[in-house]
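Going by the numbering used here, the first residue of the sequence shown is number 664, and it counts up by one from there.
In what follows, a single structure is set out as structure tokens and then discussed.
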Amino acid sequence: IPIINVIKFYISSEISNINGHHYFMAKTDSLASPIWINTFAQSLGDKEHCIDSEITPDGGLISVGGSMFLMNMYIVKIDMNSNLVWAKAYSDNVGNLMIATSIDKTLDGGYIIGGQFTSGPFGLAVPLLMKIDSAGNPIWTKYYGDSNVLHTFSVTDVIETSDGSLMMSCVLSSGSFSFVNPVMIKT
């Protein structure tokens, strides 16, 4: 299991078995002994990728990623004992790929999610930001860039600053990926 994220004794990653790739979440003590281990999936046989996680104010964990089969963002919120609080999938309802790559708590108690939206004739990704409330209900989604241009963005992190602005770091690749540049987007 490749460890994607380790935060204060929480581990989030993905696990692969005969039923597909699924979210893997665990909590350990300070000696790395498991306290609990759990897996979550929106469908058997799917290839889901858990990419980032954040500890929630109630001591639980919220993890983001996406499904390569269902082409949607998938977000799982669990409590401090690994019980499922909610799991939600988000899509554009047209079949374009949306995947979440970063999450951060916001000052109002919700979450900001950074990710990628892939569409257009070239299938290249543009950055997206999605704001959800603490129950996972979408408040808004914004896209940045043009998927018809020969470049792709990979979102690496998203944060809310103390003044309420949002910042998203990305990597911009062009055409044949012959050059890669860092990009910072502030809203």
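All C-beta atoms, glycine included, are put in the ideal place defined by N, C-alpha and C.
Helix, strand or coil, according to DSSP, for residue i in the structure here?
| i | result |
| --- | --- |
| Asp767 | strand |
| Ala695 | coil |
| Asp820 | strand |
| Gly728 | strand |
| Asn800 | coil |
| Met761 | strand |
| Tyr686 | strand |
| Met793 | strand |
| Gly778 | strand |
| Ser716 | strand |
| Leu707 | Note on Leu707: pLDDT 49, under 50, position unreliable in the model; the coordinate value appears next. Three-state result, Leu707: coil. |
Between residue i and residue j, is the Cβ-Cβ spacing less than 9 Å?
| i | j | result |
| --- | --- | --- |
| Asn800 | Met761 | no |
| Leu792 | Thr850 | yes |
| Ile741 | Leu724 | yes |
| Tyr806 | Val789 | yes |
| Met830 | Thr824 | yes |
| Met688 | Cys713 | yes |
| Ser745 | Lys690 | yes |
| Gln779 | Ser828 | no |
| Lys794 | Thr781 | no |
In the DSSP assignment, what are the bridge partners of residue i?
| i | result |
| --- | --- |
| Val748 | DSSP output for Val748 lists no bridge partner at all. |
| Tyr753 | Met736 |
| Ile848 | Met831 |
| Tyr806 | Leu791 |
Could you say which of the options lies nearest to residue i if we only look at CA atoms?
| i | options | result |
| --- | --- | --- |
| Tyr686 | Leu829, Val748 and Val727 | Val727 |
| Val834 | Ala752, Glu823, Ser825 and Thr764 | Thr764 |
| Tyr753 | Gly777, Asp820 and Asp767 | Gly777 |
| Ile766 | Glu717, Pro697, Asp755 and Asp692 | Glu717 |
| Val748 | Leu694, Ile848, Val821 and Ala798 | Ala798 |
| Thr702 | Ser696, Asp721, Ala750 and Ala695 | Ala750 |
State buried or exposed for residue i, treating a residue as buried only when at least 16 other CB atoms are found within 10 Å of its CB.
| i | result |
| --- | --- |
| Asp796 | exposed |
| Gly772 | exposed |
| Ile700 | exposed |
| Asp692 | exposed |
| Asp715 | buried |
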